[in-house]
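Asker: Once you know that position 73 of the sequence shown is 72 in numbering that gives the first Met the number 0, the rest is easy, because the numbers rise by one and skip nothing. What follows is a structure written as structure tokens; I'll ask about it next.
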Amino acid sequence: MPVLDHLKRDVERLKLNELKALDEFIRDKLRVKRRAEAMNAIMSIAKDAGIDLQELVEFGEVNNTCASDPTDTANKVGSKVYVHPDNSSLVWNGRGRHPLWFKDLIRKGIPPDRLLKRS
């Protein structure tokens, strides 16, 4: 694969900050492509079942499955929920690896307790 070999050589020359930016870019592209694949799979299943898009949307609205708050599922007694101050859709329950947005904010000097969701 000559194109892949060329890309590998280019990546080898990148500085650390450029590699981090490339990593974030690739992760974002992977997320977008996975979402698109999931949406296509959902639409295919719905089509096979004879369900049109409007019916699927209405079902989600009636059953409140489309309008849920992502912080509600992680908001159990005693659990910590960290929320990005500028984008409330970015949520971390404090378990597992730190998400990139959390690490970036900590590096910028924002203390973790300022990111805690307030009840």
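Quick reminder that beta carbons are idealized off the backbone N, C-alpha and C, glycines included.
Please report the straight-line C-alpha distance between S13 and D103, rounded to a whole angstrom.
Answerer: Along the sequence shown, one-based indexing puts residue 13 at 14. Along the sequence shown, one-based indexing puts residue 103 at 104. For the record, residue 13 in the displayed sequence is Leu; it is not Ser. The alpha-carbon atoms of L13 and D103 are separated by roughly 20 Å.
Asker: From the DSSP output, in three-state form, read off L115 for me.
Answerer: Stepping through the sequence shown from its first residue, residue 115 is reached at position 116. In the three-state DSSP reduction, L115 falls in the strand class (E or B).
Asker: Looking only at DSSP bridge pairs, what is V2 linked to?
Answerer: As a working mapping, residue 2 is identified with position 3 in the sequence shown. V2 pairs with nothing; no bridge assigned.
Asker: Please tell me whether V90 and K107 are closer than 9 Å, where the distance is taken between their beta carbons.
Answerer: Numbered from 1 along the sequence shown, position 91 holds the residue referred to as residue 90. Numbered from 1 along the sequence shown, position 108 holds the residue referred to as residue 107. Contact: no.
Asker: Rounded to a whole number of angstroms, what is the C-alpha to C-alpha distance between E36 and V80?
Answerer: Locating residue 36 in the sequence shown gives position 37, where the first residue counts as 1. Locating residue 80 in the sequence shown gives position 81, where the first residue counts as 1. Straight-line Cα distance between these residues: approximately 29 Å.
Asker: Once the 5 residues before and after K28 are set aside, which same chain residues still bring their CB inside 8 Å of it?
Answerer: Along the sequence shown, one-based indexing puts residue 28 at 29. Excluding positions up to five away in sequence, the list is empty.
Asker: Tell me which same chain residues have a C-beta within less than 6 Å of the C-beta of H83, skipping the five on either side of it?
Answerer: On the sequence shown, residue 83 is found 84 positions in, with the first residue counted as 1. If we look at H83 and ignore the five residues flanking it on each side, its Cβ neighbours are L89 and W100.
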